[in-house]
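See below for the structure under consideration.
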Amino acid sequence: MSSLKTVAPASSAQSHGLYWGALLMPAVLSLLTSISTARVLPGVPGPVRPALVFDRYHVNLGEVESRPLHEVHFIFENHSSRPVKITDLKPSCGCLTPKVVTLNGQGAYVECREFAPGQVGVLAMGIRPARELPGPKDLNVILSYDDGQPRTETLVFQLVLPQKKLTVSPNELYFYQLSGESDTRVVDVMDYRDKPARVTHVTTLASGPQGGPLVDLTATLGEIQTGPDGEPRWPIQVHCNGAVSVGRKEGWVVITTDDPDSREVRLPVVIFGPKTAPANPGVRSE
674 MSSLKTVAPA
684 SSAQSHGLYW
694 GALLMPAVLS
704 LLTSISTARV
714 LPGVPGPVRP
724 ALVFDRYHVN
734 LGEVESRPLH
744 EVHFIFENHS
754 SRPVKITDLK
764 PSCGCLTPKV
774 VTLNGQGAYV
784 ECREFAPGQV
794 GVLAMGIRPA
804 RELPGPKDLN
814 VILSYDDGQP
824 RTETLVFQLV
834 LPQKKLTVSP
844 NELYFYQLSG
854 ESDTRVVDVM
864 DYRDKPARVT
874 HVTTLASGPQ
884 GGPLVDLTAT
894 LGEIQTGPDG
904 EPRWPIQVHC
914 NGAVSVGRKE
924 GWVVITTDDP
934 DSREVRLPVV
944 IFGPKTAPAN
954 PGVRSE
């Protein structure tokens, strides 16, 4: 009698493995097919980058000093291989005066609206605070251009304007009297308030315990003028002699006004004379 071979039943672990293998096989085949297909698809180019690249897109000056004009510059370059045309400048406020300039062959800034590949330009914008209220200002200019497709960039300019008051410009003077030639500077005193003060007198004062007028320097008050924003402006001519004494001297131009809060304004002055006294041509050395 022939004996029958008995086949042992599959273990529980083997049965589970076969079951999950059968379920996962379609997913594995699908993944392999997608990978194989992706390898043969041609590369899809990404979006073309904007041609103009700026050195900065946001400037915050914080609280500024009182002056006739506050201006910032945004430098940009055409990084593409084709010309770029500036199509529009849209300021957020009529107080801004934006313009786009570039250097010409003579090294002077001129307005420009078309930029060749690699060319550098400047977006300049400024605000004259005379007609603005004090406090924070959040301004911007939207620059539109075409580099093959229409694009825009928003450049932000923030600052805090101070309370309006009597202003002196410049706020200090330096005279380098090393060549023996005289020098004259003009100092402007301006007041942007509704009730401006008046300048009544100017003089010079030397530093140190002895005081007195600053030697080699004179200050003369000119006739009142009207500034570009309608503000009163008093010009002061400050004249320094050519042949000054040796060394450094310090002092002030003293400006007297009828303003109860600024009766006297002192403008610092520094005079740099020669290091040694010039030789006297009339004296012969033995």
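Letter by letter, the sequence shown follows residues 674 to 959 of my numbering.
For every residue, glycine included, the Cβ atom is placed at its ideal position computed from N, Cα and C.
Owing to the predicted nature of the structure, the values given are computational and were not obtained by experimental measurement.
Beta-carbon contacts of residue i that lie in its chain and below 6 Å, excluding the five residues immediately before and after
i: A965; result: In the structure displayed, the chain extends from 674 to 959; residue 965 sits before or after that span and is not available.
i: Q792; result: N751
i: S765; result: L812 and N813
i: V943; result: Y847 and E923
Short Cβ contact (9 Å threshold) for residue i with residue j
i: A789; j: F747; result: no
i: V814; j: L769; result: yes
i: V757; j: D819; result: yes
i: P905; j: P933; result: no
i: A892; j: V862; result: no
i: L832; j: L734; result: yes
i: L762; j: L816; result: yes
i: G799; j: C785; result: no
i: N914; j: S855; result: yes
N-terminal and C-terminal residue of the beta strand (DSSP E) that residue i is part of
i: N733; result: H731 to E736
i: G946; result: No beta strand (DSSP E) contains G946, which DSSP labels as neither H nor E.
i: P764; result: V757 to P764
i: Q792; result: Element bounds for Q792: n/a, residue is neither H nor E.
i: V919; result: Element bounds for V919: n/a, residue is neither H nor E.
i: P823; result: P823 to L834
i: H874; result: V872 to A879
i: H861; result: Checking the sequence shown, residue 861 turns out to be Asp, not His. D856 to D864 is the span of the beta strand (DSSP E), which, as asked, contains D861.
i: A892; result: L890 to L894
i: L776; result: K772 to L776
i: E845; result: Per DSSP, E845 belongs to no beta strand (DSSP E) and is neither H nor E.
i: E904; result: Taken as a continuous stretch (DSSP letters only), E904 belongs to no beta strand (DSSP E), as it is neither H nor E.
Identity of the residue in the options nearest residue i by Cα
i: A803; options: N844, K838, R755 and D761; result: K838
i: R939; options: R824, D761 and E845; result: E845
i: R824; options: E784, V943, V721 and C785; result: V721
i: V745; options: A916, E738, V875 and V732; result: V732
i: E860; options: T840, G853, D867 and E854; result: Note on residue identity: the sequence assigns Val, not Glu, to residue 860. The residue with the shortest Cα to Cα distance from V860 is T840.
i: T877; options: Q822, Y849 and E937; result: E937
i: V926; options: V783, A781, G780 and R858; result: R858
i: V919; options: R755, A950, F727 and V726; result: A950
Cβ neighbours of residue i in the same chain (closer than 8 Å, five flanking residues each side left out)
i: D902; result: P741, R801, A803, R804 and Y865
i: L851; result: F945, G946 and P947
i: Y651; result: Outside the displayed span of the chain (674 to 959) sits residue 651, for which this structure offers no information.
i: V656; result: No answer is possible for residue 656: it lies beyond the span of the chain, which begins at 674 and ends at 959.
Reduced DSSP category for residue i - H, G, I as helix; E, B as strand; rest coil
i: R804; result: helix
i: R722; result: coil
i: C913; result: strand
i: H746; result: strand
i: G924; result: strand
i: S676; result: Bear in mind that the predicted position of S676 carries a pLDDT of just 45, short of 50, making it unreliable; the figure below should be weighed with that in mind. Three-state result, S676: coil.
7 Å Cβ shell around residue i - same chain, five flanking residues per side excluded
i: A724; result: N751, H752, S753, V757 and D820
i: P807; result: L834, P835, Q836 and K837
i: D931; result: A870, R871 and T873
i: E967; result: The displayed coordinates of the chain run from 674 to 959. Any statement about residue 967 would go beyond what the structure contains.
i: V917; result: Q850, D889, I944 and G946
i: S709; result: In this predicted model, S709 has a pLDDT of only 49, less than 50, meaning its place in the structure is not dependable enough to derive any value.
Below-9 Å beta-carbon distance, residue i vs any chain B residue
i: Q883; result: Of the protein chains in the structure, only one exists, and it is not chain B.
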